[in-house]
Amino acid sequence: PVPQLSHNLDRVLFNPGVYHMQDDRSRVFNFDPYLASIMPVKEFDFDALRSYVTSSKDVKLRQLSAAHGMKYCGSTSSMTSILSHFHFLLSAWRKPNFAYLSRSLEPESYNFTALSRGPAAAFAHFNDGVYAFDSDKEYDTENILSSLGKSMEKLLTLPKEEFEKYRRSRSHQLTEEERNAEDSFHYTTLGDFMMRSQLDAYDPRLPGSGMFDLKTRAVVAVRMDVRGYEKGAGYEIQNRFGQWESFEREYYDMVRTVFLKYSLQVRMGRMDGIFVAYHNTQRIFGFQYISLDEMDVALHGTNDRRVGDQEFKISVTLLNELMDRATKRFPARTLRLHVETRPTKVPLTYFFVEPVTEEEMTKTQEAAKSTVEELEHLILKATEGIDNKAQNLKTFQRMFADLTTRAKDDDKEAIEDEQVTSAKDETSNEDELIEEEEEGDESDAAENTESPGRPQRELFGMFVTIRNQVNGEHVERPTNVRKEDDFDWSVQYNITELPDTRARKIYDKLKQRRKKVL
Numbered sequence: 025p026v027p028q029l030s031h032n033l034d035r036v037l038f039n040p041g042v043y044h045m046q047d048d049r050s051r052v053f054n055f056d057p058y059l060a061s062i063m064p065v066k067e068f069d070f071d072a073l074r075s076y077v078t079s080s081k082d083v084k085l086r087q088l089s090a091a092h093g094m095k096y097c098g099s100t101s102s103m104t105s106i107l108s109h110f111h112f113l114l115s116a117w118r119k120p121n122f123a124y125l126s127r128s129l130e131p132e133s134y135n136f137t138a139l140s141r142g143p144a145a146a147f148a149h150f151n152d153g154v155y156a157f158d159s160d161k162e163y164d165t166e167n168i169l170s171s172l173g174k175s176m177e178k179l180l181t182l183p184k185e186e187f188e189k190y191r192r193s194r195s196h197q198l199t200e201e202e203r204n205a206e207d208s209f210h211y212t213t214l215g216d217f218m219m220r221s222q223l224d225a226y227d228p229r230l231p232g233s234g235m236f237d238l239k240t241r242a243v244v245a246v247r248m249d250v251r252g253y254e255k256g257a258g259y260e261i262q263n264r265f266g267q268w269e270s271f272e273r274e275y276y277d278m279v280r281t282v283f284l285k286y287s288l289q290v291r292m293g294r295m296d297g298i299f300v301a302y303h304n305t306q307r308i309f310g311f312q313y314i315s316l317d318e319m320d321v322a323l324h325g326t327n328d329r330r331v332g333d334q335e336f337k338i339s340v341t342l343l344n345e346l347m348d349r350a351t352k353r354f355p356a357r358t359l360r361l362h363v364e365t366r367p368t369k370v371p372l373t374y375f376f377v378e379p380v381t382e383e384e385m386t387k388t389q390e391a392a393k394s395t396v397e398e399l400e401h402l403i404l405k406a407t408e409g410i411d412n413k414a415q416n417l418k419t420f421q422r423m424f425a426d427l428t429t430r431a432k433d434d435d436k437e438a439i440e441d442e443q444v445t446s447a448k449d450e451t452s453n454e455d456e457l458i459e460e461e462e463e464g465d466e467s468d469a470a471e472n473t474e475s476p477g478r479p480q481r482e483l484f485g486m487f488v489t490i491r492n493q494v495n496g497e498h499v500e501r502p503t504n505v506r507k508e509d510d511f512d513w514s515v516q517y518n519i520t521e522l523p524d525t526r527a528r529k530i531y532d533k534l535k536q537r538r539k540k541v542l
């Protein structure tokens, strides 16, 4: 069964805005004080939890896909980064809407972060007639936030006595049934895709299925430097509003970094929203429930779900069509995929396909994994000394100033990119952008990912352009959509295959951009 919230946290679900863990003025706790202190990672027995199973290793997912005649399958975590790029394409790079922010916070940027906009990659692992999507982990490294997320989900959904059994010193009290308890999943089909979503929590009073996602959100000082974030000891959320040490700061960052991913995950799992716990790895500062409607306001400029729902369906349709072409070119083979939407006046999305062997896929996926010993060392180092109250805010303001400058530079580059391309028609835009991609510094061109002397790898490159039509009229993007209005949105799309030489040049530059942003 899907768990429900514990510790009376369900109150948060039905009241917009943030619930403080403790009232700053009176020092009275709004919830059980036990929740305020997070169990140190070194004390939590992670061996007592079931390990995460990727799509390619999920036997049940493959069997369901085969039984329902689906060619492709994936999980929320493996598909959202690719689907995000279709949002950029279909919305013509609509900027996020910060309507829920106050004037206390001055945004450093009004765009998505460079990391969010950067190229996405995944593997489509072929086995028994089904292609299973796995995230490309070439540049991933283990960090303590992923570990904390697992333990905090238990903290939020179990009574104190049950949760304490997961402490290393007491984990022998766990029954085999508790140790082997299976996670709950929702499976949904769209086109030729079977999609798997993990179900974190449930409340029957919420609209629809009553399901929602649990998200543990570390404060900005921690996220900025996960590996060295012991330097952030003392950074705490003190206020509701403000540029720093505020819930508003964290909300602003979420809009730019993860709202798009979260909204896609919620739609895949037919959920109602996300429950967020704000923390600094040792203390929880507060909680907030953010509905899908609220995320849609930030991403689509409206709380009318028809826009986001239709965009999701069109995105999966485009991915379906691209995968059909890819698997026709390279049948029954495991594929490595790279996807990127370019910030041009009339956007286009690149889709590159490279066949790989099992050994090559495994080598790439294992390349950046930290050893268990290194991870434990990082955990211990990072959680030491966070209790001391030394306020290192100025340090983070200096570090953040660097990120702000880079963010503004990114926005400037995007604007310049838009000015380079002509808006006469899609055809001229495609030619100009491809020529632009082939140009650039000689040093960039020299940095070729293939070793000299080796035969060229097989590669298939495509790009997608679209035209939006709303209620019979061609528009740049759907805007000002209200629930009471008629809304008939259709998309005309064109997929063009790239000549081999052009494809290789653009692919090399795309991979360089991905390496740089990650």
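The opening residue of the sequence shown carries number 25 in the working numbering; numbering runs sequentially from there. Think of the CB as a built atom: it goes at the ideal place given N, C-alpha and C, for glycine as much as any other residue.
Task: Cβ-based neighbour list, alanine 72, same chain, cut-off 6 Å, excluding 5 preceding and 5 following - done: These residues qualify, in order along the chain: Tyr190, Ser195, Leu198, Arg203.
Open item on the list: Three Cβ pairs or more, each shorter than 8 Å: is that satisfied between the stretch 72–85 and the stretch 130–138?
Closed with: In the pairwise beta carbon analysis, the stretch 72–85 is classified as not touching the stretch 130–138: fewer than three pairs are separated by under 8 Å.
- [ ] Just the C-alpha distance for aspartate 69 and aspartate 512, rounded to the nearest angstrom, thanks.
- [x] Aspartate 69 and aspartate 512: Cα-Cα distance of roughly 52 Å.
Open item on the list: Judging by CA-CA distance, which residue of Asn327, Thr351, Tyr155 is the nearest neighbour of methionine 94?
Closed with: Closest by alpha carbon: Tyr155.
TODO: Just grab the DSSP bridge partners of glutamate 364 for me.
DONE: Glutamate 364 is bridged by DSSP to Tyr374.
Task: alpha helix (DSSP H) segment containing isoleucine 168, residue limits - done: From DSSP, the alpha helix (DSSP H) with isoleucine 168 extends over 168–181.
Task: Residue nearest to aspartate 158 in terms of C-alpha spacing, selected from Gly98, Arg501, Ser175, Asp56 - done: When each option's Cα is compared against that of aspartate 158, the closest is Gly98.
- [ ] Report the residue from Asn518, Arg51, Ser50, Tyr275 whose alpha carbon sits nearest the alpha carbon of glycine 41.
- [x] Residue nearest to glycine 41 within the set Asn518, Arg51, Ser50, Tyr275 is Tyr275 (criterion: CA-CA distance).
Task: Residue burial classification, glutamate 482 (beta-carbon count within 10 angstroms, cutoff 16) - done: Around the Cβ of glutamate 482, a 10 Å sphere holds fewer than 16 other Cβ atoms; the residue is exposed.
Open item on the list: I'd like the list of long-range same chain contacts for phenylalanine 309, defined as Cβ closer than 6 Å, with 5 residues on each side in sequence excluded.
Closed with: Short of 6 Å from the beta carbon of phenylalanine 309, and not among the five residues preceding or following it, lie these beta carbons of its own chain, in chain order: Met45, Ile261, Tyr302.
Open item on the list: Check this for me: beta carbons of lysine 239 and valine 282, under 9 Å apart or not?
Closed with: Contact: yes.
TODO: Go through its chain and collect everything with a Cβ distance to glutamate 335's Cβ below 8 Å, but skip five positions before and after it.
DONE: Phe110, His111, Leu114, Ser115, His324, listed in sequence order.
Open item on the list: Counting C-beta neighbours from all protein chains within 10 Å, is the total for proline 564 16 or more, i.e. buried, or is it exposed?
Closed with: No statement about residue 564 is possible, as the shown extent of the chain runs from 25 to 542 and does not include it.
Open item on the list: Rounding to the nearest angstrom, what Cα-Cα distance links methionine 486 and arginine 51 in this structure?
Closed with: Cα atoms of methionine 486 and arginine 51: separation of roughly 59 Å, rounded to the nearest angstrom.
- [ ] Using a threshold of 9 Å, state whether the C-beta atoms of arginine 538 and glutamate 364 are closer than that.
- [x] In contact: arginine 538 and glutamate 364 (Cβ atoms closer than 9 Å).
Open item on the list: In this structure, how does DSSP classify threonine 388 when only helix, strand and coil are distinguished?
Closed with: Note: threonine 388 maps to helix in three-state DSSP.
- [ ] Count the C-beta pairs between the stretch 56–68 and the stretch 173–188 that are closer than 8 Å, then say yes if the count reaches three, no if not.
- [x] Contact annotation: the stretch 56–68 touches the stretch 173–188, with at least three C-beta pairs closer than 8 Å.
Open item on the list: Out of Arg330, Asn492, Met319, Phe375, which one is the CA nearest neighbour of asparagine 344?
Closed with: The option with the nearest alpha carbon to asparagine 344 is Phe375.
TODO: Check threonine 351 in the structure and name its three-state DSSP category.
DONE: Assignment of threonine 351 by DSSP, reduced to helix, strand and coil, places it in the helix class.
Open item on the list: Which residue marks the beginning of the alpha helix (DSSP H) containing alanine 123, and which one marks its end?
Closed with: Alanine 123 -> no alpha helix (DSSP H), and no H or E assigned at all.
- [ ] Measuring alpha carbon to alpha carbon, tell me which of Arg478, Thr368, Ser514, Ala225 ends up nearest lysine 337.
- [x] Of the listed residues, the one whose Cα sits closest to lysine 337 is Ser514.
Task: Sufficient close CB pairs (3 or more, under 8 Å) joining the stretch 525–533 to the stretch 138–154 - done: Judged by Cβ distances under 8 Å, the stretch 525–533 makes no contact with the stretch 138–154, as fewer than three pairs qualify.
Task: DSSP-derived helix/strand/coil call for valine 541 - done: If DSSP states are grouped into helix, strand and coil, valine 541 belongs with the helices.
Open item on the list: Only counting the same chain, and skipping five residues up and downstream in sequence, which positions put a Cβ closer than 6 Å to that of proline 231?
Closed with: Apart from the 5 residues on each side of it in sequence, proline 231 sits with its Cβ closer than 6 Å to the Cβ of Asp296 in its chain, given in chain order.
TODO: Going by DSSP, name the residue or residues bridged to asparagine 39.
DONE: Paired residue(s): none; asparagine 39 is not in a bridge.
Open item on the list: Since histidine 31 and methionine 218 should fall inside the 8 Å C-beta cutoff, what is the C-beta to C-beta distance between them, to a whole number of angstroms?
Closed with: In fact, because the Cβ distance is near 36 Å, the residues do not count as touching under 8 Å.
- [ ] Could you tell me the distance, in whole angstroms, from the CA atom of histidine 498 to the CA atom of leucine 346?
- [x] Taking the straight line from one Cα to the other gives about 24 Å.
Open item on the list: Rounded to whole angstroms, what is the Cα-Cα separation between asparagine 416 and valine 243?
Closed with: Note that asparagine 416 scores a pLDDT of 46, beneath 50, so its modelled location is shaky; the value from the coordinates is reported in the next line. Cα to Cα, the separation comes out at about 13 Å.
Task: Identity of the residue in Arg141, Arg118, Trp268, Gly215 nearest leucine 2 by Cα - done: What the structure shows of the chain is the stretch from 25 to 542, and residue 2 is not part of that stretch, so it cannot be assessed.
Open item on the list: As a quick exercise: from Gly153, Ser221, Val380, pick the residue whose alpha carbon is nearest that of threonine 213.
Closed with: With distances taken between Cα atoms, threonine 213 lies closest to Ser221.
Open item on the list: In whole angstroms, give me the CA-to-CA distance for arginine 506 and aspartate 328.
Closed with: Distance between the alpha carbons of arginine 506 and aspartate 328 is about 6 Å.
Open item on the list: For threonine 388 and threonine 503, what's the separation of their Cα atoms in angstroms?
Closed with: Roughly 41 Å separates the two Cα atoms.
Task: Option nearest arginine 628 by Cα separation, candidates Phe265, Phe55, Asp237, Ala322 - done: The first residue shown for the chain is 25 and the last is 542, placing residue 628 beyond what the model contains.
Task: Distance between methionine 385 and glutamine 3 (C-alpha atoms, nearest Å) - done: The requested residue 3 is not part of the displayed model; the chain covers only 25 to 542.
Open item on the list: Going by DSSP in three states, alanine 470 sits in which element: helix, strand or coil?
Closed with: Confidence is the limiting factor: at alanine 470 the pLDDT is only 41, short of 50, which leaves the residue's position unreliable and the question unanswerable from this model.
Open item on the list: Rounding to the nearest angstrom, what Cα-Cα distance links leucine 342 and glycine 332 in this structure?
Closed with: Taking the CA atoms as reference points, leucine 342 sits about 15 Å from glycine 332.
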